Amino acid sequence: MSRKITRRKFMATTAAGAALATTFKFPTPAIAQGAPFKLGLLTVKTGGLAQGGIQMEQGVLTWLKEHGNKMAGRNVEFFSADTGGKPAGTKTKAQELIERDKVDVILGPLAAFELLAIDDYIEQHKTPTLSLAGADDLTQRRPNPYFLRPSACSSQAMHVMGHYAAKEMGKKKAITIDWDFAFGYEQEGGFQAAFEKDGGCVVKKLWTPLGTPDYTPYIAQIADCDVVCQGFPGGVPLRFLKQYANFGLKYPLVTGETGGDDALLHSFGDEAVGQISCCPYTLDLDTDGNKRFIAAIQKQFNVVPGFYAAGLYVNCDVVEAGLKAAGGTTDNKEKFMAALKAVDLKDTPRGPIKFDHLGNVVGDFYVRVCEKRPNAPYGLKLWNKTVKTYKDVSQFWTWPEKEFLAHPVYSRDYPPLKKC
Amino acid sequence: MTFWLLLTVNSITFGGLLFLLAAGFSLIFGLMRIPNLTHGSLFMLGAYFGATFAGGMLAITFNFWIAVLMATILVAIFGTVIERFLLRQLPGQQMAQVLVTLGISFIVADFCLMVWGGDPVRVDTPESLTGFIRYGPLVFPHYRLAVIVIAAVATVALWLLLDRTRLGAMIRAGVDDPDMARVVGIRVSQLFTIVFALGAGLAAFAGIIGAPILSVYPGLDQDMLPLALVVVILGGSGSLLGSFVGSIIIGFIYNFGQALLPELSYFVLFLPMLVVLIVRPQGLFGRFVP
């Protein structure tokens, strides 16, 4: 069902692209004349994670429309697959994209546990995969040579947040609350490690099952701290923050890229005011690349983009740059992958990015505070205002790579709670 | 102490919400002998409709309570349509009917995604019920207390309907023994429509009443349906008392289980259901084995 609609949308974009191409005559390398470049997207369009998943697709479609449906001069054939936000569905859909549709590159999936489900599979089939999902170890202790992460690994923004909470906000005792799955563990693990490195202490870690309608039983356990770190994905921050405020809790809230996502600003109410978030993308980044991106997605979908849409748009930027560097061909997978990893872009919507040798992004991270702004752009009433930018943040934060990788990956019980 | 008190009150609130959802589910299960798998979708649909009326998405913004009423009626009509035009086409084929309800739940989920998109929709707490009461160190939102009152009123109204009216007597007869009810001249198939509409309306009512607490988002249906199922299996299908007791028990288990045994929160939720199925398959207050 959803697939059909996407195809139709794709046909429309293709037609528009073809029309554009005949009018303007893009300079194309000779090799690119033949087969189209096949771009696959694993996203979530049904269920609880659909909010982010739909934006991911909007990010890609916006990019394609803006570039006349061409990448490095080759026509793009776009395949979008709905994983349902479940690891098993992700595996099936990845097989469909790789074996039936024979895609050259996969964008997505959305969630860390989905990505873990296709880790081995994409490596076997040597299909370059660019995701915004977490699953830190894919670019750390068990690097997948066919995986590239232009957004951020799960803990990357939270390292910054942990540091900011301890050093800039001067907080000492934190409680973390997150979903009981890989992305949650890695986010809060990153927060704890960086927060404690700078003198803070995490006193309690709360894990909630996925799909919890009412967070009150957990909110009731939040006491005796001076900052709370939440890392909920999708639309969950909306109801968590509301329930948190309903019970009169006043401890300041900090969060990563999903918990304060710009795309949620129009849904949030007063309860979100004051929340501090750290994100690899921010709506108020004042660069040409970001303005172009916002204008394009506003025109096409009339939405305020957030981390998910921007992340996938950046992924497309990276694929195009890699494809160009590889001479427009993906026949030699190793060469194409090496070209992708060598990509160094200056003006993406999220700012300049490059990659470390493990395939994870080194880029800027923005700490924002959510505030009321009566005349905010795009018809918003709330606004995430950047208060500090951290340049060229790597996935290892300030630790030397060797030391960082000697620790186990962040998990439910690592780093452990310590007495303080 | 505060912690225990807060969880206790919240357990009753959540139990009340569950009762509104599960009462209709239980009656439909009891009378038509099918678990209505669209019940979560009706809950979600009610919440979305209510949010649309109350949230200013239309030209006029309605008062919250009027929005509640409109959403309830709309979804009750939708329930009537499902029963009349779909389930009615498959008389006596319970497996086929269950599959139809499952199919409708997928359609409703996609419909909601198309109309309201993937972003969560916030529903503001009605003006008069914002804020919270403070009793010593205990803080509790007004609205959650109001939900308890609403659920209590609905419970009494439903009990009066089922226990004191002719229609209620007919429904009870149909639940107990549909064949015998037919023999004495009760048009059981007509009751199906009434009960289905009533159940759908109640689910939608629960959805919009719960919306200021839970917000409305894609996947809400799948979060709520299992809870309704657990309540009804625990309490026994077709029994109002069963739904009531089951809802309160699950409300408590849900809250205390998640707070005290977070690692086992799903396990403790389904454990009582398992025990009941083994020891007393008809449920605590049920009359027949589904």
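Quick note, the sequences are listed as chains D and C, same order. Quick note: the first sequence, position 220, residue 220 per the working numbering, numbers continuous. To convert, count from 1 in the second sequence and add 1000; that's the working numbering. A virtual CB, placed ideally from N, CA and C, is assigned to each residue, including glycine. This structure is a prediction, so every number in the text was calculated from the model and none was measured.
{"query": "Suppose the cutoff is 6 Å on Cβ atoms and the five residues either side in sequence are ignored; what does the same chain contact list for Val387 of chain D look like?", "result": "Val367 and Val369"}
{"query": "Taking 8 Å as the threshold (beta carbon to beta carbon), is Ile1213 of chain C in contact with chain D?", "result": "yes"}
{"query": "Near Arg3 of chain D, which residues of its chain fall below 8 Å by C-beta distance, leaving aside the five closest residues on each side in sequence?", "result": "The pLDDT assigned to Arg3 of chain D is 46, lower than 50, so where the model puts this residue is not dependable; a value taken from the coordinates is nonetheless given after this. Here the set comprises Ser80, Ala81 and Asp82."}
{"query": "From the beta carbon of Gln1089 of chain C, is the nearest beta carbon of chain D less than 8 Å away?", "result": "no"}
{"query": "Rounded to the nearest angstrom, how far is the Cβ of Val1121 of chain C from that of Val1216 of chain C, given a contact under 8 Å?", "result": "4 Å"}
{"query": "Taking beta-carbon pairs under 8 Å, can you tell me which members of the region 308-320 of chain D lie near chain C?", "result": "none"}
{"query": "Assuming the contact rule is C-beta atoms closer than 8 Å, Phe1196 of chain C and Ile1077 of chain C should be a hit. Round their C-beta distance to whole Å, please.", "result": "Wrong, their Cβ atoms sit about 11 Å apart, outside the cutoff."}
{"query": "When the Cα atoms are used, what is the spatial distance from Ile98 of chain D to Ser1247 of chain C?", "result": "47 Å"}
{"query": "Can you say whether Gly1234 of chain C is buried or exposed, counting buried as having 16 or more other CB atoms within 10 angstroms of its CB?", "result": "The displayed chain sequence assigns Leu, not Gly, to residue 1234 of chain C. It is buried - the Cβ of Leu1234 of chain C has at least 16 other Cβ atoms within 10 Å."}
{"query": "List the DSSP bridge partners of Ser267 of chain D.", "result": "According to DSSP, Ser267 of chain D bridges with nothing at all."}
{"query": "Using the beta-carbon of each residue, which ones in chain C are nearer than 8 Å to Gln275 of chain D?", "result": "The premise fails here: Gln275 of chain D is roughly 15 Å from chain C at the closest Cβ pair, so nothing lies under 8 Å."}
{"query": "Distance cutoff 8 Å, beta carbons only. Does Phe1132 of chain C sit that close to anything in chain D?", "result": "yes"}
{"query": "Below 8 Å on the Cβ atoms is my guess for Ser1239 of chain C versus Gly1286 of chain C; work out the distance and round it to an integer in Å.", "result": "6 Å"}
{"query": "Would DSSP call Ile177 of chain D helix, strand or coil?", "result": "strand"}
{"query": "Mind checking Asp1221 of chain C: buried by the 16 CB within 10 Å criterion, or exposed?", "result": "buried"}
{"query": "With a cut-off of 8 Å, do at least 3 Cβ pairs link the region 1027-1044 of chain C to the region 224-236 of chain D?", "result": "no"}
{"query": "Any beta carbon from chain C within less than 8 Å of Asn54 of chain D's own beta carbon?", "result": "For clarity, residue 54 of chain D is Ile in the given sequence; the question names Asn instead. Yes, contact with chain C."}
{"query": "Between Arg141 of chain D and Leu116 of chain D, what straight-line distance do the alpha-carbon atoms span, to the nearest angstrom?", "result": "13 Å"}
{"query": "Would you please verify whether the beta carbon of Leu1007 of chain C is less than 8 Å from any beta carbon of chain D?", "result": "yes"}
{"query": "Nearest chain D C-beta to Asn1063 of chain C closer than 8 Å, yes or no?", "result": "no"}
{"query": "Give a yes or no on whether 8 Å exceeds the smallest Cβ distance from Ala272 of chain D to chain C.", "result": "no"}
{"query": "How many Å lie between Ala1023 of chain C and Asp288 of chain D at the Cα?", "result": "57 Å"}
{"query": "For Ser1128 of chain C, is the classification buried or exposed, using 16 other Cβ atoms within 10 angstroms of its Cβ as the cut-off for buried?", "result": "exposed"}
{"query": "Decide if Lys70 of chain D is buried, meaning its Cβ has at least 16 other Cβ atoms within 10 Å, or exposed.", "result": "buried"}
{"query": "With Lys86 of chain D and Leu42 of chain D assumed to form a contact (beta carbons below 8 Å), what rounded beta-carbon distance in angstroms separates them?", "result": "Going by Cβ atoms, the distance from Lys86 of chain D to Leu42 of chain D rounds to 12 Å, so no, they are not a contact pair."}
{"query": "Taking Cβ positions, are Val160 of chain D and Leu130 of chain D nearer each other than 8 Å?", "result": "no"}
{"query": "With 16 as the cutoff for other CB atoms within 10 Å, does Thr62 of chain D come out buried or exposed?", "result": "buried"}
{"query": "With distance defined between alpha-carbon atoms, name the residue in C:Gly1040, C:Met1057 and C:Arg1088 nearest to Val1108 of chain C.", "result": "C:Gly1040"}
{"query": "Name, in chain order, the residues that DSSP records as bridge partners for Asp82 of chain D.", "result": "D:Thr43"}
{"query": "Which residue marks the beginning of the alpha helix (DSSP H) containing Trp1116 of chain C, and which one marks its end?", "result": "Gln1094 to Trp1116"}
{"query": "Return the residue from the list D:Glu114, D:Ser267, D:Leu206 and D:Asp178 that minimises the CA-CA distance to Gly1055 of chain C.", "result": "D:Ser267"}
{"query": "Going by other Cβ atoms of all chains shown within 10 Å of its Cβ, with 16 needed for buried, is Gly1092 of chain C buried or exposed?", "result": "exposed"}
{"query": "Taking Gln230 of chain D as the reference, which of D:Leu340, D:Gly170, D:Gly256 and D:Gly52 has the closest Cα?", "result": "D:Gly256"}
{"query": "Do you know offhand how far Arg412 of chain D's Cα is from Leu1006 of chain C's?", "result": "27 Å"}
{"query": "Using the Cα positions of Lys341 of chain D and Phe355 of chain D, report the straight-line distance between them to the nearest angstrom.", "result": "6 Å"}
{"query": "Between the Cα of Ser1265 of chain C and the Cα atoms of D:Lys299, D:Ser155, D:Gln156 and D:Tyr215, which residue gives the shortest distance?", "result": "D:Tyr215"}
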